[in-house]
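Peer 1: Listed in order, the protein sequences are those of chains A and B.
The letter at position 11 of the first sequence is residue 11 when you use this note's numbering, and the numbering goes up by one with no holes.
If you count the second sequence from 1, you need to add 1000 to reach this note's numbering.
Beta carbons are placed, not taken as given, at the ideal position from N, Cα and C, and that holds for glycine.
Quick one: structure below, then a few questions.
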Amino acid sequence: MYYILLIVGAALVNNFVLARFLGICPFMGVSKSIDTSVGMSMAVIFVMTLASFVTWLINFYLLVPFELQYLQTIAFILVIAALVQLVEMIIQRVSPPLYQALGIYLPLITTNCAVLGVAILNIQLGYNLLDACIFAAGAALGFGLALVIFAGMREGFELNNIPEAFRGTPIALITAGILSLAFMGFSGLVK
Amino acid sequence: MISSILLLGGIGFLAALILGVSAVTFAVKMDPREQAVLEHLPGANCGACGYAGCAAFAHEITTNAEAEMACPAVNEEALQAISEVLGRTLGGSAPLIACVRCKGVPEQTVNRYEYVGPKDCRAAQLVAGGSKGCRYGCLGLGTCEAVCPFAAIMMGEDGLPHVIESLCTGCGKCIDACPRSIIQLIPRSGNYYVGCISKDIAKDMKPLCKVGCIKCGICADICPFEAITVSKDASAVIEQSKCNRCGLCVSVCPTGIIAAVRMPGKVRISPEKCKGCSICEQVCPVEAISGKVKEPYLVNEGKCIGCGLCIEKCPADAIERIIS
C-alpha cells in the first residue's frame, strides 16, 4: 500500500511537470505529436529510475562518509551524464530495436532538470534505496502521462481555429497552465 | 578541499575509464561503406525511397547486394560516388522533376465561392470540393510548397506554384500532398508537359478557365513521334518515353499551355562548316532556317524552337545548340 501511495503521490499529486514545474523543456519541446512523446516518456522512465539508483548509492556511500554533500549537484550531473552515455552504448549493442526506439531521446534528457530533480528529492525526502527507485519510476510515469496528454491536446490544435496572436507556443503555454490547474485537483489525495 | 577534488576527480576519471572501455567493448561494428553511402545521400529523410530515412536506406543498399537505388532525389554525381563505394553499378532511374499541370492563374479563372479557411489546399478541397470553378485546377494555397523538403516549390505572384529546377529532386512529396493530383513527375532532360488535366469538354471548361486544354488535338496531329494523345473528355497527355523534345506542340497549342521543364537551347549554323545543302531548311518545321543553296544558311532565332531536327539531318555536322 505504501508503494502504491508513493507512486500515486509522485505521478499525480506532485506531478513533476504540472505541480513541481520540472522538465518543462522536453514538455514543450517534444509534445508536438503523440508518437514522439511516447518515445520520450519511455526514455525518461528508464533514465530517471536508473539515475535514482546510482545517485542514491553515490550519495550514501561516497558523499555522506566524506561529508561532501555540498558537491551533490555537480557529482549527480557528472554521474548521470556518464551513466546515460554508458547505457546508450550498451543498448545499441545489445538491443538495436530498443536503441531505435529510445535512441535520440536518451542523450536529450541526460542533464534534464527532472532527472536531476528526482535524484536530489530522493535525498531530501530521506528515501531508502527501494523507495527512491519506486519514487523515481512513479515521477517519471507522471511526467510521461503529462507529456502524452499534452501532446494529444496539441495535436488537437491542428484542427482548431486559434486566433493568430495565440498560435504556436502561446496557446501551448496557456493549455499547459490549465492542465496544471486540473492536476491541482489531485492535491490532498495522498496524505 | 583536497577530498572534494579527489572525489570529483575520481568519479570523473572512473566514469571516463568505464566509458572509454565500454566504447571499445560495446562498439557496434558498422560497415564503413554504410557511412560513406549515407554521406552521398541527400539527407532530407523524405522517405520517398520507401525506407525510414536516409540512414535506413543506406543500410539496406549496403547490406543487400540486390538492392537498387531507390532514392529519387540522388543526383548523378552522388549516384556515381555511391556506385564506387559499393563496387557495383547502380542503374537508378532517370532523374525526375516535378511539373505543375495547371496554368489557371486567378485572372483567367473563376471561383465558385470565396474560401476563408486554413491556408491548405487539402482543407480547401474538403469545402464543397474547393473554391475554384474548374474541378481540376490548382487551388493555389501552397500545400506543395509547404511539404517540399527541399524548398524547391515556390508560390509565385501569379498564385500558382513554381518548381525551382535546380532544387527539385523528384522525391514526389508534393504529388502526395496535392489534393487534386496536379503535380506530375517527368524526366528532367528538357521534356514537355501539358499544363492542364481538365477532363471537362471544351464547352464546359471555357467559362471556368480561359487557359485550359480545349482538346483541339492540334498537338496530337503535329507530333512527329505520336507521343501525344487527346480525347474529347481528357486533356492532352504527352507520353514521355516517346517524346523526342522537338517542341512542335508548344508552337501550335492555341492556348499556350504546353511547356518544357527546361527549354532546349536554340540552334546555330557554323558558317565554316555549312555547305549550303538546304536539308536543314527543308526539315525545319517552323521555317526558321533560310538561305541560298551553296551558301551558309542562317537561323532566325526568333522563330527557332530548338527542336533539333536539323542537327540530326545535317550531313556536315555544322549545326549545334547554343547553350543558354
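Between the region 1166-1174 of chain B and the region 1142-1153 of chain B, do three or more beta carbon pairs fall short of 8 Å?
Peer 2: Enough Cβ pairs lie closer than 8 Å, so yes.
Peer 1: B/Ile-1097 lies in the beta strand (DSSP E); which residues open and close that run?
Peer 2: In the second sequence, the residue the question calls residue 1097 of chain B occupies position 97. Segment 1096-1100, the beta strand (DSSP E) holding B/Ile-1097.
Peer 1: Quick one, which of A/Leu-141, A/Gln-124, A/Val-84, A/Tyr-105 has its alpha-carbon nearest A/Asn-59's?
Peer 2: As a working mapping, residue 59 of chain A is identified with position 59 in the first sequence. Of A/Leu-141, A/Gln-124, A/Val-84, A/Tyr-105, the residue nearest in Cα terms is A/Gln-124.
Peer 1: Which residue comes first and which comes last in the alpha helix (DSSP H) that contains B/Glu-1084?
Peer 2: Numbered from 1 along the second sequence, position 84 holds the residue referred to as residue 1084 of chain B. First-last of the alpha helix (DSSP H) with B/Glu-1084: 1076-1086.
Peer 1: Output yes if chain B places a C-beta closer than 8 Å to the C-beta of A/Arg-167; else output no.
Peer 2: Here residue 167 of chain A refers to the residue found at position 167 when the first sequence is read from its first residue. For A/Arg-167, the answer is no, since every Cβ of chain B falls outside 8 Å of its Cβ.
Peer 1: I need the boundaries of the alpha helix (DSSP H) containing A/Ala-146, first residue and last residue.
Peer 2: Counting from one through the first sequence, the residue named residue 146 of chain A turns up at place 146. Residues 129-157.
Peer 1: Establish whether the CB of B/Ile-1002 and some CB of chain A are separated by less than 8 Å.
Peer 2: Indexing the second sequence from 1 puts residue 1002 of chain B at position 2. So, not an interface residue.
Peer 1: Give the secondary structure of B/Ser-1166 by DSSP, where H, G and I count as helix, E and B as strand, and everything else as coil.
Peer 2: To locate residue 1166 of chain B, count along the second sequence from 1; it is residue 166. If DSSP states are grouped into helix, strand and coil, B/Ser-1166 belongs with coil.
Peer 1: Counting only beta-carbon atoms, is A/Val-30 nearer than 8 Å to chain B?
Peer 2: Counted from its first residue, the first sequence places residue 30 of chain A at position 30. No, no contact with chain B.
Peer 1: Pick helix, strand or coil for A/Leu-181, following the three-state DSSP scheme.
Peer 2: Taking the first residue of the first sequence as position 1, residue 181 of chain A is located at position 181. If DSSP states are grouped into helix, strand and coil, A/Leu-181 belongs with the helices.
Peer 1: Exposed or buried, B/Gly-1247, counting other C-beta atoms within 10 Å across all chains shown (16 or more means buried)?
Peer 2: As a working mapping, residue 1247 of chain B is identified with position 247 in the second sequence. With 16 or more Cβ atoms within 10 Å of its Cβ, B/Gly-1247 is classed as buried.
Peer 1: Is B/Arg-1245 near B/Glu-1320, with beta carbons less than 8 Å apart?
Peer 2: In the second sequence, residue 1245 of chain B corresponds to position 245, counting from 1. In the second sequence, residue 1320 of chain B corresponds to position 320, counting from 1. Cβ distance not < 8 Å, so B/Arg-1245 and B/Glu-1320 don't count as in contact.
Peer 1: Residues of chain A with a CB under 9 Å from the CB of B/Gly-1020: which are they?
Peer 2: Here residue 1020 of chain B is taken as the residue at index 20 of the second sequence, counted from 1. Per Cβ cutoff of 9 Å: no residues; B/Gly-1020 is ~11 Å from chain A at best.
Peer 1: By how many angstroms is the C-alpha of B/Cys-1102 removed from the C-alpha of A/Ser-37?
Peer 2: On the first sequence, position 37 is the one that residue 37 of chain A refers to. On the second sequence, position 102 is the one that residue 1102 of chain B refers to. Answer to the nearest angstrom: the Cα atoms are 40 Å apart.
Peer 1: When you compare only the Cα positions, how much space is there between B/Val-1074 and B/Ile-1153?
Peer 2: For the purposes of this step, residue 1074 of chain B is taken as the residue at position 74 of the second sequence. For the purposes of this step, residue 1153 of chain B is taken as the residue at position 153 of the second sequence. Approximately 18 Å between the Cα atoms of the pair.
Peer 1: Can you look up B/Pro-1069 in the DSSP assignment and give me helix, strand or coil?
Peer 2: Residue mapping note: residue 1069 of chain B aligns to position 69 of the second sequence, counting from 1. Checking the displayed sequence, the identity of residue 1069 of chain B turns out to be Met instead of Pro. Note: B/Met-1069 maps to coil in three-state DSSP.
Peer 1: Counting only Cβ pairs nearer than 9 Å, list the residues of chain B close to A/Val-38.
Peer 2: What you label residue 38 of chain A is simply residue 38 of the first sequence in a count that begins at 1. Ordered by position in chain B, no residue passes the 9 Å Cβ test against A/Val-38, which lies about 17 Å from the chain.
Peer 1: Within 10 Å of its beta-carbon, does B/Glu-1084 have 16 or more other beta-carbons around it, so buried, or fewer, so exposed?
Peer 2: Translated into the one-based positions of the second sequence, residue 1084 of chain B becomes position 84. Burial call: exposed.
Peer 1: Counting only the same chain and skipping the five closest in sequence on each side, list residues whose C-beta sits under 6 Å from that of B/Gly-1043.
Peer 2: Taking the first residue of the second sequence as 1, we reach residue 1043 of chain B at position 43. Excluding residues within five positions, the ones whose Cβ falls inside 6 Å are Cys-1054.
Peer 1: Please confirm if the region 77-90 of chain A is in contact with the region 107-122 of chain A, defined as three or more CB-CB distances below 8 Å between the two stretches.
Peer 2: Touching, yes.
Peer 1: Going by DSSP in three states, B/Val-1237 sits in which element: helix, strand or coil?
Peer 2: Against the second sequence, residue 1237 of chain B aligns to sequence position 237. Strand.
Peer 1: Alpha carbon to alpha carbon, how far is B/Cys-1284 from B/Cys-1310?
Peer 2: Reading the second sequence from its first residue, position 284 is the one you call residue 1284 of chain B. Reading the second sequence from its first residue, position 310 is the one you call residue 1310 of chain B. If you take the alpha carbons of B/Cys-1284 and B/Cys-1310, they lie about 6 Å apart.
Peer 1: Pull up the CB-CB distance for B/Lys-1210 and B/Ile-1201, whole angstroms please, since I reckon it's below 8 Å.
Peer 2: Here residue 1210 of chain B refers to the residue found at position 210 of the second sequence. Here residue 1201 of chain B refers to the residue found at position 201 of the second sequence. Going by Cβ atoms, the distance from B/Lys-1210 to B/Ile-1201 rounds to 16 Å, so no, they are not a contact pair.
Peer 1: Any idea what DSSP makes of B/Arg-1112, helix, strand or coil?
Peer 2: As a working mapping, residue 1112 of chain B is identified with position 112 in the second sequence. Coil.
Peer 1: Just checking my contact of A/Ile-24 with A/Val-17 at CB under 8 Å: how many whole Å lie between their CB atoms?
Peer 2: Taking the first residue of the first sequence as 1, we reach residue 24 of chain A at position 24. Taking the first residue of the first sequence as 1, we reach residue 17 of chain A at position 17. Confirmed, about 7 Å.
Peer 1: Counting contacts by CB-CB distance shorter than 8 Å, is A/Gln-85 in contact with chain B?
Peer 2: By one-based count along the first sequence, residue 85 of chain A stands at place 85. Yes, A/Gln-85 lies at the interface with chain B (some Cβ there is under 8 Å from its Cβ).
Peer 1: Using a cut-off of 7 Å between C-beta atoms, extract the partners of A/Phe-66 located in chain B.
Peer 2: The count along the first sequence starts at 1 and reaches residue 66 of chain A at position 66. Residues of chain B passing the Cβ test: Ser-1003, Leu-1007.
Peer 1: List the residues of chain B that A/Ile-74 touches, going by C-beta distances under 8 Å, in chain order.
Peer 2: Translated into the one-based positions of the first sequence, residue 74 of chain A becomes position 74. What A/Ile-74 touches in chain B: Leu-1008.
Peer 1: For A/Gly-156, does the count of other Cβ atoms within 10 angstroms reach 16, so buried, or fall short, so exposed?
Peer 2: As a first step, residue 156 of chain A is located in the first sequence; it is residue number 156 there, counting from the start. When all chains shown are included, A/Gly-156 counts as exposed.
Peer 1: Rounded to whole angstroms, what is the Cα-Cα separation between B/Ile-1061 and B/Glu-1034?
Peer 2: If you number the second sequence from 1, residue 1061 of chain B lands on position 61. If you number the second sequence from 1, residue 1034 of chain B lands on position 34. Cα to Cα, the separation comes out at about 8 Å.
Peer 1: Which whole-angstrom value is the C-beta distance of B/Pro-1118 and B/Gly-1142, which I expect to be below 8 Å?
Peer 2: Against the second sequence, residue 1118 of chain B aligns to sequence position 118. Against the second sequence, residue 1142 of chain B aligns to sequence position 142. 11 Å between Cβ atoms; not a contact.
Peer 1: What does A/Gln-69 reach in chain B if we use C-beta pairs closer than 9 Å?
Peer 2: Position 69 of the first sequence, counted from the first residue, corresponds to residue 69 of chain A. Those within 9 Å of A/Gln-69 in chain B number zero; the least Cβ separation is about 11 Å.
Peer 1: Under the assumption that B/Ser-1022 contacts A/Phe-66 (Cβ atoms under 8 Å), give the Cβ distance between them as a whole number of angstroms.
Peer 2: Counted from its first residue, the second sequence places residue 1022 of chain B at position 22. Counted from its first residue, the first sequence places residue 66 of chain A at position 66. Not a contact, Cβ separation roughly 27 Å.
Peer 1: State the CB to CB distance for the pair B/Ala-1234 and B/Gly-1195, rounded to an integer number of angstroms; the pair is presumed to be in contact (CB under 8 Å).
Peer 2: Counted from its first residue, the second sequence places residue 1234 of chain B at position 234. Counted from its first residue, the second sequence places residue 1195 of chain B at position 195. Not confirmed; about 15 Å, so no contact.
Peer 1: Mind checking whether B/Gly-1276 and B/Val-1250 have CB atoms under 8 Å apart?
Peer 2: Here the question's residue 1276 of chain B lines up with position 276 in the second sequence. Here the question's residue 1250 of chain B lines up with position 250 in the second sequence. No, Cβ-Cβ distance for B/Gly-1276 and B/Val-1250 is not below 8 Å.
Peer 1: For A/Ile-149 versus A/Gln-72, is the C-beta spacing smaller than 8 Å?
Peer 2: Within the first sequence, the letter at position 149 stands for residue 149 of chain A. Within the first sequence, the letter at position 72 stands for residue 72 of chain A. Contact flag unset, no.
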